[in-house]
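If you're matching positions, the sequence shown starts at 56 in my numbering and goes up one per residue. Every residue, glycine too, gets a C-beta built ideally from N, C-alpha and C. Here's the structure we're looking at; comments come further down.
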Amino acid sequence: MTQENNNILPPDEAADRVWELAEKIDICMFTTWDGEQQRSRPMSARVRREENAIYFLTDLEGHKLQEIERYPHVSLAWADNGAHRYAVIAGDAIVSNDRAKIEQLWSAFDKAWWDDANDPQIRLLKVTPEDGEVWDSPNKLIAGAKMLFAAATGAKPEMGDTAKVDL
Numbered sequence: 056m057t058q059e060n061n062n063i064l065p066p067d068e069a070a071d072r073v074w075e076l077a078e079k080i081d082i083c084m085f086t087t088w089d090g091e092q093q094r095s096r097p098m099s100a101r102v103r104r105e106e107n108a109i110y111f112l113t114d115l116e117g118h119k120l121q122e123i124e125r126y127p128h129v130s131l132a133w134a135d136n137g138a139h140r141y142a143v144i145a146g147d148a149i150v151s152n153d154r155a156k157i158e159q160l161w162s163a164f165d166k167a168w169w170d171d172a173n174d175p176q177i178r179l180l181k182v183t184p185e186d187g188e189v190w191d192s193p194n195k196l197i198a199g200a201k202m203l204f205a206a207a208t209g210a211k212p213e214m215g216d217t218a219k220v221d222l
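See the structure below:
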């Protein structure tokens with residue numbers, strides 16, 4: 056898709072949609088840089104717009120903590136393929152051992168990895184967003200119809216809303 060084939064959203068609306076999609080979709084691809092290549096992994100996001108933060112619980116073991124320490128700029132990508140909606144947030148990440156915040160963010164879902172919020176292996180990742188992008192396309196049926204019409208007429212299809220915005 057090129058920008059000419061999309062509706063450009065106003066900044067306030069784009070920011071709202073980025074935050075809404077991030078919260079709704081939950082699991083994102085959390086991407087770090089190791090100095091040579093990007094590394095992505097799926098993680099459950101705790102989106103807190105009122106704090107201008109996205110939190111993750113992670114284990115003390117693993118490469119991502121060392122990568123963030125050296126290269127704190129990360130990218131988070133959410134995809135709702137069924138609804139053809141996508142959001143990306145880039146920002147800086149920090150790692151902490153804030154036990155009160157870990158306890159506050161703890162959910163039953165986290166029992167898949169740790170016994171409880173007091174596990175000493177848990178660390179908190181906090182991402183402070185700098186900018187985001189949103190692609191909000193029509194559903195699959197409408198998108199397909201638009202592409203068929205474009206193929207038949209030679210016109211470029213309008214495939215939905217898009218925007219890049221400072222957060």
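Hey, could you find the ends of the alpha helix (DSSP H) residue i is sitting in?
i: residue 119; result: 119-125
i: residue 155; result: 154-160
Which residue marks the beginning of the beta strand (DSSP E) containing residue i, and which one marks its end?
i: residue 69; result: From DSSP, residue 69 is part of no beta strand (DSSP E) but of the alpha helix (DSSP H) over 66-80.
i: residue 142; result: 140-151
i: residue 131; result: 128-135
i: residue 95; result: 93-99
i: residue 111; result: 108-114
i: residue 175; result: No beta strand (DSSP E) contains residue 175, which DSSP labels as neither H nor E.
Relative to the C-alpha of residue i, which residue among the options is closest?
i: residue 91; options: 75, 122 and 181; result: 122
i: residue 180; options: 98, 140, 67 and 221; result: 98
i: residue 79; options: 138, 64, 113 and 68; result: 138
i: residue 160; options: 177, 93 and 135; result: 177
i: residue 146; options: 81, 69, 165 and 131; result: 131
i: residue 113; options: 165, 186 and 81; result: 165
i: residue 162; options: 70, 93 and 110; result: 110
i: residue 187; options: 73, 67 and 65; result: 73
i: residue 185; options: 135, 151, 107 and 153; result: 107
Given a cut-off of 8 Å on the beta-carbon distance, is the pair residue i and residue j in contact?
i: residue 133; j: residue 77; result: yes
i: residue 95; j: residue 140; result: no
i: residue 148; j: residue 182; result: yes
i: residue 70; j: residue 83; result: no
Taking one C-beta from the segment 119-133 and one from the segment 170-177 each time, how about it: are there three or more such pairs within less than 8 Å?
-> no
Evaluate contact between the segment 79-97 and the segment 115-123, counting only Cβ atoms and requiring at least three cross-stretch pairs below 8 Å.
-> yes
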